[in-house]
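Those protein sequences? They're chains B and L, same order as listed. FYI, my numbering numbers position 41 of the first sequence as 978, with every residue one higher than the one before it. FYI, my numbering numbers position 24 of the second sequence as 42, with every residue one higher than the one before it. Where is the CB? At the ideal position from N, CA and C, for every residue including glycine.
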Amino acid sequence: NAGVTQTPKFQVLKTGQSMTLQCAQDMNHNSMYWYRQDPGMGLRLIYYSASEGTTDKGEVPNGYNVSRLNKREFSLRLESAAPSQTSVYFCASSEAVEWEGDTQYFGPGTRLTVL
Amino acid sequence: AQSVTQLDSQVPVFEEAPVELRCNYSSSVSVYLFWYVQYPNQGLQLLLKYLSGSTLVKGINGFEAEFNKSQTSFHLRKPSVHISDTAEYFCAFTGGGNKLTFGTGTQLKVEL
């Protein structure tokens, strides 16, 4: 099992450009998440999908959109990138739907720089 | 609003010495508590978690944590660290229908 995979690993964008970060999991998990990690701020939830066909905003959703393409895939789109979106982005998944004690499994991350 | 505090942003320690990484949370409801580890240039992985029952939780790589409800703490300990334990450690918790909330992380640097 590959677990959670993310593409690309690295990306440099210019302000105003758009891009989509891809995430896939092969663990048959119901829930998937997108986080951003910034120095000294820990991980902050951008969007999540509790089950196929549903998505909800997290703590910092502004400037992002998501698509739960199917049970395996959950993409994050930046429509018009800004320097404030320079960050490391992590995708995660968990087995249960809305069970708070569930373990989340993380991908290796995408390092995004917006110039 | 719930929050989690990791007071120490960096903890240097010599190899084979004991270490404690501190975590305090703020919540008015029952909580589930987690410690995740992030090795350089990797994603996070679960070290251990507390759901219920015994307040002393054992995890991978010789780490353990103790849940203290009265002090709202969940400190992580290891009696003897190794160079390979150098990583960033995140405390996190959920409860009351809220999503996972992460602390700001503690960088553990193990020196020879």
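Does any residue of chain B bring its CB to less than 8 Å from the CB of residue i?
i, result
"Gly61/L", "yes"
"Leu126/L", "no"
"Phe92/L", "no"
"Thr112/L", "yes"
"Phe81/L", "no"
"Phe85/L", "no"
"Phe32/L", "no"
Any Cβ of chain L within less than 8 Å of the Cβ of residue i?
i, result
"Pro1045/B", "yes"
"Met964/B", "no"
"Leu1015/B", "no"
"Tyr984/B", "no"
"Phe1010/B", "The question names Phe, yet the displayed sequence has Glu at residue 1010/B. With 8 Å as the cut-off, Glu1010/B does not count as an interface residue toward chain L."
"Gly953/B", "no"
"Gly1000/B", "no"
List, in order along the chain, the chain B residues whose C-beta lies closer than 8 Å to that of residue i?
i, result
"Lys96/L", "By Cβ distance, chain B contributes nothing, its closest Cβ being about 20 Å from Lys96/L, past 8 Å."
Hey, could you find the ends of the beta strand (DSSP E) residue i is sitting in?
i, result
"Ser1012/B", "Phe1011 to Leu1015"
"Ser1030/B", "Ser1024 to Ser1031"
"Pro1045/B", "Unbroken run through Pro1045/B: none, as it is neither H nor E."
"Glu34/L", "Looking at the DSSP string, Glu34/L is not in any beta strand (DSSP E), and its letter there is neither H nor E."
"Tyr970/B", "Ser968 to Gln974"
"Ser44/L", "Asn42 to Ser44"
"Asn59/L", "Counting along the chain, Asn59/L falls outside any beta strand (DSSP E), and DSSP gives it neither H nor E."
"Leu899/B", "There is no way to answer for residue 899/B, as the model of chain B reaches only from 938 to 1052."
Would you identify the three-state DSSP class for residue i, choosing helix, strand or coil?
i, result
"Asp1039/B", "coil"
"Gly121/L", "coil"
"Asn79/L", "helix"
"Pro1020/B", "helix"
"Ser72/L", "coil"
"Ser91/L", "strand"
"Ser27/L", "coil"
"Asp103/L", "helix"
"Thr952/B", "coil"
"Ser21/L", "strand"
"Gly113/L", "strand"
"Ser1004/B", "strand"
"Ala939/B", "coil"
"Asn965/B", "coil"
Just the chain L side, please: which residues come within less than 9 Å of residue i by C-beta, in chain order?
i, result
"Thr1040/B", "Phe52, Leu64 and Lys67"
"Gly995/B", "Lys117"
Would you mind telling me which residues of chain L sit closer than 8 Å to residue i, beta carbon to beta carbon, in chain order?
i, result
"Phe1027/B", "Gly61 and Leu62"
"Met934/B", "The requested residue 934/B does not occur in the structure, where chain B is confined to residues 938 to 1052."
In chain B, which residues lie less than 7 Å from residue i when you measure between Cβ atoms?
i, result
"Leu118/L", "Gln1041"
Assuming contact is defined by CB atoms lying nearer than 8 Å, are residue i and residue j in contact in what I supplied?
i, j, result
"Arg95/L", "Val37/L", "yes"
"Gly953/B", "Ala1029/B", "no"
"Ser968/B", "Ser955/B", "no"
"Gln948/B", "Phe1027/B", "no"
"Cys41/L", "Gln63/L", "no"
Give the residues of chain L in contact with residue i, contact being defined as C-beta atoms less than 7 Å apart.
i, result
"Glu1037/B", "Tyr50, Thr112 and Gly113"
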